[in-house]
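Student: Take 3 as the starting number for the sequence shown in this note's numbering and just add one per residue.
For each residue, glycine too, the CB sits at the ideal point set by N, CA and C.
A single structure is presented below for examination.
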Amino acid sequence: MSRTSWGFPKGKVNKDESAFDCAIREVLEETGFDMLLFADPDAYLEHNFQDHQVRLYIVPGVPEKTVFKPHTRGEIKV
3 MSRTSWGFPK GKVNKDESAF DCAIREVLEE TGFDMLLFAD PDAYLEHNFQ DHQVRLYIVP
63 GVPEKTVFKP HTRGEIKV
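Written out as structure tokens, the structure is:
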């Protein structure tokens, strides 16, 4: 099955890891981009879908020419 849509990096928070640190780790693993220099830990949208909490961090100022290379195999598919 081929996927023709994009999704946000996601993952589970490790023990003793903040939601922000989890987001930084997951984005780095799934896209190869270190968002730490661009992200504000207080700039996010949060919503609960049934029993699942979703938090999306707002990361402004990422250069358009940024090359994304996943560190985890199979994360970016065409």
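Put V64 into one of helix, strand or coil per three-state DSSP.
Tutor: As a first step, residue 64 must be located in the sequence shown, where it is residue number 62. V64: coil per DSSP, three-state reduction.
Student: Taking the C-alpha atoms as reference points, what is the distance between F40 and P65?
Tutor: As a working note, residue 40 is residue 38 in the sequence shown. As a working note, residue 65 is residue 63 in the sequence shown. Taking the straight line joining both Cα atoms gives about 10 Å.
Student: Report the residue from W8, L38, H73 and A21 whose alpha carbon sits nearest the alpha carbon of E48.
Tutor: Counting from 1 along the sequence shown, the entry for residue 48 is found at position 46. Checked all of W8, L38, H73 and A21; the closest Cα to E48 is A21.
Student: Who are F51's beta bridge partners in DSSP?
Tutor: Numbered from its first residue, the sequence shown carries residue 51 at position 49. Paired residue(s): H54.
Student: Among the residues of its own chain, which have a CB less than 8 Å from the CB of F10, if the five just before and after it don't count?
Tutor: Against the sequence shown, residue 10 aligns to sequence position 8. Taken in chain order, the residues that qualify are L58.
Student: In chain order, what residues of the same chain lie with their CB nearer than 6 Å to the CB of D36, ignoring the 5 residues before and after it?
Tutor: Counting from 1 along the sequence shown, the entry for residue 36 is found at position 34. Result list for D36: L30, in chain order.
Student: If the criterion is Cβ atoms closer than 9 Å, does the pair P62 and T33 meet it?
Tutor: Within the sequence shown, numbered from 1, the residue matching residue 62 stands at position 60. Within the sequence shown, numbered from 1, the residue matching residue 33 stands at position 31. No; because the gap between Cβ atoms is not below 9 Å, this pair is not in contact.
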